[in-house]
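Trainee: Below are the structure tokens for one structure; questions will follow.
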Ligand SMILES: Cc1ncc(C[n+]2csc(CCOP(=O)(O)OP(=O)(O)O)c2C)c(N)n1
Ligand SMILES: Cc1ncc(C[n+]2csc(CCOP(=O)(O)OP(=O)(O)O)c2C)c(N)n1
Ligand SMILES: [Mg+2]
Ligand SMILES: [Mg+2]
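Put into structure tokens, the structure is as follows:
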């Protein structure tokens, strides 16, 4: 069985969708030469009309995709940096997202916004290291953060096929993850459906994106003391609340680990929704970036601002002790 | 004692700061003629150099203000529509907010972003009716939502004097609120400090912006059944957690009412932080806009999407019954 | 619709004129909530441009958008129902004045964000051509929009990729209260020429001249030429927005207004018709609008239960905001 | 710094050249994390432009920003310490290559967002002049940036308000891998002329020519002229970013690279010096850089405890992310 990397899973998803549906096309900066190493080989196979390099005009090309979608195409945009989503926030949230309701259902805007390398890239510093998925979850745009190669494949395929705009964050910390998967086993993964990577009885750990792997490592480390259920939402909006409620109703304890700013982030949303619906035996905990975090350049500082395994370990110990 | 309107409180705050500090200046669209009825009379008094009308170039004038702040000025920008903040999200969050840390403390960016008329303006529909304060709270930009004329005055003054960027949302639903206040009683209100409008013992209702008035009305209506404490955070980021924890520790019950989208909004943050720190006697509740809300045009639909008093009443009854 | 039949042009300008006058009455009577941006005085542009288009061509408009929607062929009754927030409206009452759209006749919608539609229409036209149509598109915008970066980015994309979009700048001298000379460095045609586009200035008060110039541009574009710009010089006869009917903003000298109003596109085109013919058209328009008003006012309002209908084209159901 | 002393120009280009070569070595050895965008080949522009400025003038740079920072007078040792993430760096290790700033010598910073600095510097220069200085400013950017709407908006503001900013476009033929001809419709000078600015094209490989042209523009601006643009034609000798040293991207024909490299600003300027003089300067530069490398590598890394130092200028303390 070939070892599939997360990056190549994205490539394969794009290739499969381009092959399956003539209406799909890619748009982005330096995607022909595959500077981000995601679109490799695609221009050769599908031609420059369908793998379109664009000038540095993020606002215009994002709305160009909206217009193309209104006219029946299914564009996928690759963004080189997570903060470019700030630059096109208006175009996504105020236009693409709002068109169907504002027109009274006259149209759909099936655009996929793909961000390979979100979060810290080690040494890319303040303006290139954000993880702004909670912003889109707040706006109500479908928001996906796959943790594994198979999920990266399956969720990207579903994003392209979705009739609404979808933002897919591929965390820098997950891009090099590899997995033994049979190509035939790669299938669409439904949006809005969570995945339990490891069942457990004592505490539910909700981990987002690359942190799923940290959560699994910590769960393994604790295996003989605490039975940890590792819950990967995969889609942050719409969130699979029913599965989470079921999990926490069983374990009675909740820890969330999320590599984004704390205030009004998805970790807070998880806690809020769970406590509205399920009684807990111990106060919930979350491990996040600090409030208002800006990633400093120096490597040790950059690491210090991201959630660490030791913090997750401590949080789990806390909820076990408190409950 | 004169009846001070919320709008005129904003005008007075701007006038006082322009008079007090030569470095303060205003920037915005149609602010000379005061199309938004906030900057009325200011160009006459302070001249067009300090009350500067700008072309429709939101991104450039927002960063122009950043540059002016770096050079020692204290700009205040008026935005005509809340969604214009989407358009300049990059300029505020990725530049103004990040400059101090990224330069290692070489500079400050004291800019105030003033949004008079946030939320629904009745009939302004999908692209003009957002309440995007949670986005800034997530990013870590100081975010202020005054509910009363005196607080509007005092918080705007403090925003202008703050050495960091501050976004101030003046909800459309509060702009016509009037209050009996003595001009001499108008003082700066510290950022990050909450206000209890009505003390109570049974339940803490956290209300944001104009909804403070709804919360007070509901509290009055319930006065003989439930003792409701009405808690107005005033600043959403940084939030006055200690005061809230103190309140909820007393009442044991929490309801949040917030006119913004539900997922990853400030209401969820309030619930998350409180349950991390205080045991509750009943599950907390929040009344918000729906997930991903887009305000439909038709008046009845527009109202239906915003939090209503009946919903707040129901939520209070729920937490009283559940606990 | 591609002929320059003087009667047809007159019928269109007259229809828009009377539609706007009726709409203003309905604003006054409270049937249209939120007010409108009247197109009065600018009718010749929408009429002349749209007469040069085919049914399968697409247009995108502005906040001052009624004229574009009507001239492209939308039903005035359903348009008026939309402004009145009725379920029978073009957008089922969800859009209102600033979002009125009729994709069936090629109107991608009015748009409440200045400068936003240029990139959207560029994408839509590009997509239609890829899908086999030889459609062209028109982006209408004001003199204020040429200062928006997103529009200038769209100029570049359209020019580079030779997408046949006619950029029609309706220069009515002001962006709200900002005179064009105080807002636009250089010239409007110069901005298009900077991107290698042909730019033509036309008298926007003369429907036939507008038609002739646009028809020639459309023919060039249809024959494979790139995008072009037309600056139509015009004057706004009424307020920026009907809120100005209540609050007088002082920015246009009365003599200027009188001079502007003296060149009336309805009168100019009307004078080209034999009296009897003009009277007959007027009667026809009157009958259409009387029926439209009746239809609108007799139509039901949408049910608040469906406030979030059409939010997601994918069928996703949003979590509600209740407590 | 306003003289065109050939020795001084040579010293600057040589300093930048050797600084970049040393920095690339430090990337290879792992001392500079995250890599750099080498300025190799473009040294003549920063050197020539900054030689035309006074100490109190301000500049803002790009992601390819080392040359601008050094040419404006920052200490190479503290600059290198910054790239190595040391506490002694210009930004205390918080900024790194893409954010290196030294406000003390008028460098508002490199900037990781393409096109962002134009509006910032416009605001900074406007403010300095209001505060009494007669400073001018320079915004450096690449050929890719002229497609960013925010930069074009800044052109308009600067031109309208006659803010003396010299917009220096370093046209090195590519935006990452995108050839300028495939990205820029029209021409680069034409884009400035569209806003009424004077635009001059200069050979960016000749430091003296760059200096002469800029000095003349700066003199006009200082005398009250408005902003101007200079397009400096240049060639990037090395990779877009050092990541390309590991991953070959195929976009520049070898003959083109060879031709580009044949016009070397260091050689061109060096040839204008007597041999002995040149050798002496080289030795001096070598000594400076050897000391800089020693200083950088001997400097302490910042303490992770202070990871969020400088986040808020107002003294606000962020809530941490721990559980
Ligand atoms: C991006 C953006 N900025 C500001 C506004 C607020 N606004 C609405 S219309 C308008 C003036 C537009 O002027 P112009 O483009 O000349 O069109 P006109 O109103 O004259 O038809 C402004 C400032 C907006 N809707 N969108
Ligand atoms: C707004 C924005 N878009 C994209 C990027 C990613 N990016 C960084 S440098 C670059 C190319 C810039 O080209 P150019 O302006 O010509 O400068 P050069 O690299 O050639 O010096 C790109 C696309 C970015 N940093 N910011
Ligand atoms: Mg106008
Ligand atoms: Mg370049």
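Protein chains in written order, with the UniProt record's numbering: chain S, 1 to 323; chain H, 1 to 323; chain P, 1 to 323; chain G, 1 to 323. Backbone N, C-alpha and C define an ideal beta-carbon position, used for all residues, glycine too.
#1: Can you name, in chain order, every residue of its own chain whose Cβ lies under 6 Å from the Cβ of residue 265 of chain P, other than the five neighbours on each side?
#2: Closest to residue 121 of chain G by CA distance: which of H:71, H:124, H:88, H:93 is it?
#3: Taking just the CA atoms, how far does residue 166 of chain G sit from residue 263 of chain P?
#4: For residue 324 of chain P, which of helix, strand or coil comes out of DSSP?
#5: What residues does ligand 3 have around it, judged by CB closer than 6 Å to any heavy atom, in chain order?
#6: For residue 130 of chain P, decide whether its Cβ has a neighbour in chain S, counting only Cβ atoms nearer than 9 Å.
#7: Under 9 Å between C-beta atoms, does residue 20 of chain H make it to chain G?
#8: If you reduce the DSSP assignment to three classes, tell me which class residue 276 of chain S lands in.
#9: Run through the stretch 73–151 of chain H for me and flag every whole alpha helix (DSSP H) of 4 or more residues, listed as ranges in chain order.
#10: Could one say the Cβ of residue 288 of chain H lies closer than 9 Å to chain P's Cβ atoms, at least one of them?
#11: Under the DSSP definition of a beta bridge, which residues are partnered with residue 93 of chain P?
#12: Applying a beta-carbon distance threshold of less than 9 Å, which residues of chain S neighbour residue 249 of chain G?
#13: Does DSSP classify residue 178 of chain G as helix, strand or coil?
#14: Could you round the C-beta distance between residue 119 of chain S and residue 200 of chain S to whole angstroms and report it? I think they count as a contact, below 8 Å.
#15: In chain order, what are the residue ranges of uninterrupted alpha helix (DSSP H) at least 4 long that sit wholly in the stretch 145–208 of chain H?
#16: Does the beta carbon of residue 183 of chain P sit closer than 9 Å to a beta carbon anywhere in chain G?
#17: Does residue 299 of chain H have its Cβ less than 9 Å from a Cβ in chain P?
#18: Under 7 Å Cβ-Cβ, which residues of chain P neighbour residue 191 of chain G?
#19: Using a Cβ cut-off of 9 Å (strictly closer), state whether residue 76 of chain G contacts chain S.
#20: Taking 9 Å as the threshold (beta carbon to beta carbon), is residue 155 of chain P in contact with chain G?
#21: Output the residue ranges of the alpha helix (DSSP H) runs that lie fully inside the stretch 210–248 of chain H and measure 4 residues or longer, sorted by chain position.
#22: So with Cβ pairs under 9 Å, would you call residue 23 of chain S a contact of chain P?
#23: Tell me which same chain residues have a C-beta within less than 6 Å of the C-beta of residue 62 of chain H, skipping the five on either side of it?
#24: Tell me residue 5 of chain H's beta-bridge partners as DSSP assigns them.
#25: Using three-state DSSP, classify residue 262 of chain P as helix, strand or coil.
#26: Inspect the beta-carbon positions of residue 203 of chain S and residue 249 of chain S and report whether they are closer than 9 Å.
#27: Under 8 Å: do the stretch 280–289 of chain H and the stretch 11–28 of chain P share three or more Cβ pairs, one atom per stretch?
#28: So, using beta-carbon positions, are residue 73 of chain H and residue 32 of chain H closer together than 9 Å?
#29: Have a look at residue 75 of chain P and residue 259 of chain H and give me their C-alpha separation to the nearest angstrom.
#30: Using DSSP's beta-bridge definition, name the partner residues of residue 139 of chain G.
#31: Kindly indicate the opening and closing residues of the beta strand (DSSP E) around residue 198 of chain P.
#32: Span of the alpha helix (DSSP H) holding residue 300 of chain S?
#33: Are the C-beta atoms of residue 262 of chain H and some chain P residue less than 9 Å apart?
#34: With hydrogens ignored, establish whether the beta-carbon of residue 59 of chain S is closer than 8 Å to any heavy atom of ligand 1.
#35: Count the C-beta pairs between the stretch 209–221 of chain P and the stretch 215–231 of chain G that are closer than 8 Å, then say yes if the count reaches three, no if not.
Mentor: The short version:
#1: Position 265 of the third chain, counted from the start, is the residue given in the question as residue 265 of chain P. Excluding positions up to five away in sequence, the list reads 13, 43, 44, 205, 207.
#2: Within the fourth chain, the letter at position 121 stands for residue 121 of chain G. Closest by alpha carbon: H:71.
#3: Walking along the third chain from the start, residue 263 of chain P turns up at place 263. Walking along the fourth chain from the start, residue 166 of chain G turns up at place 166. Looking at the two C-alpha atoms, the distance is approximately 43 Å.
#4: For residue 324 of chain P there is no data in the structure shown, the boundaries of chain P being 1 and 323.
#5: P:142, P:143, P:144, P:172, P:174, P:175
#6: Position 130 of the third chain, counted from the first residue, corresponds to residue 130 of chain P. Chain S contact via Cβ: present.
#7: For this step, residue 20 of chain H is matched to residue 20 along the second chain. It does not: the Cβ of residue 20 of chain H has no partner Cβ on chain G nearer than 9 Å.
#8: Stepping through the first chain from its first residue, residue 276 of chain S is reached at position 276. Note: residue 276 of chain S maps to helix in three-state DSSP.
#9: 84–87, 99–102, 133–139
#10: Numbered from 1 along the second chain, position 288 holds the residue referred to as residue 288 of chain H. Output row for residue 288 of chain H: interface = yes.
#11: Reading the third chain from its first residue, position 93 is the one you call residue 93 of chain P. Partner(s): none; residue 93 of chain P has no beta bridge.
#12: Locating residue 249 of chain G in the fourth chain gives position 249, where the first residue counts as 1. 30, 33, 34, 35, listed in chain order.
#13: Working through the fourth chain from its first residue, we reach residue 178 of chain G at position 178. In the structure shown, residue 178 of chain G sits in a strand (DSSP, three-state: E or B).
#14: Counting from one through the first chain, the residue named residue 119 of chain S turns up at place 119. Counting from one through the first chain, the residue named residue 200 of chain S turns up at place 200. Not confirmed; about 26 Å, so no contact.
#15: 149–161
#16: Translated into positions along the third chain, residue 183 of chain P becomes position 183. With 9 Å as the cut-off, residue 183 of chain P counts as an interface residue toward chain G.
#17: In the second chain, the residue the question calls residue 299 of chain H occupies position 299. Output row for residue 299 of chain H: interface = yes.
#18: Start at 1 with the first residue of the fourth chain, and residue 191 of chain G comes out as number 191. Within 7 Å Cβ-Cβ: 194.
#19: For this step, residue 76 of chain G is matched to residue 76 along the fourth chain. No, residue 76 of chain G lies away from the interface with chain S (no Cβ there is under 9 Å from its Cβ).
#20: Sequence index remark: in the third chain, residue 155 of chain P carries index 155 (1-based). Judged by the 9 Å Cβ criterion, residue 155 of chain P is in contact with chain G.
#21: 211–221
#22: Stepping through the first chain from its first residue, residue 23 of chain S is reached at position 23. By this cut-off, residue 23 of chain S is an interface position.
#23: Walking along the second chain from the start, residue 62 of chain H turns up at place 62. Around residue 62 of chain H, the same chain offers 88, 91 as residues with beta carbons nearer than 6 Å, after the five sequence neighbours per side are excluded.
#24: As a first step, residue 5 of chain H is located in the second chain; it is residue number 5 there, counting from the start. Per the DSSP secondary-structure output, residue 5 of chain H pairs in a beta bridge with H:178.
#25: Here residue 262 of chain P is taken as the residue at index 262 of the third chain, counted from 1. Looking at residue 262 of chain P - three-state DSSP - the assignment turns out to be helix.
#26: Sequence index remark: in the first chain, residue 203 of chain S carries index 203 (1-based). Sequence index remark: in the first chain, residue 249 of chain S carries index 249 (1-based). Not a contact, by the Cβ cut-off of 9 Å.
#27: no
#28: Sequence index remark: in the second chain, residue 73 of chain H carries index 73 (1-based). Sequence index remark: in the second chain, residue 32 of chain H carries index 32 (1-based). Not closer than 9 Å, so no.
#29: The residue given as residue 75 of chain P occupies position 75 in the third chain. The residue given as residue 259 of chain H occupies position 259 in the second chain. Residue 75 of chain P and residue 259 of chain H: Cα-Cα distance of roughly 36 Å.
#30: Taking the first residue of the fourth chain as position 1, residue 139 of chain G is located at position 139. G:60, G:167, per the DSSP bridge assignment.
#31: Taking the third chain and counting its residues from 1, one reaches residue 198 of chain P at position 198. Per DSSP, the continuous beta strand (DSSP E) segment holding residue 198 of chain P begins and ends at 198–203.
#32: Position 300 of the first chain, counting from 1, holds the residue named residue 300 of chain S. Where residue 300 of chain S is concerned, the enclosing alpha helix (DSSP H) stretches over 299–305.
#33: Working through the second chain from its first residue, we reach residue 262 of chain H at position 262. It does: the Cβ of residue 262 of chain H has a partner Cβ on chain P nearer than 9 Å.
#34: Along the first chain, one-based indexing puts residue 59 of chain S at 59. Flag unset: Cβ of residue 59 of chain S not near ligand 1.
#35: no
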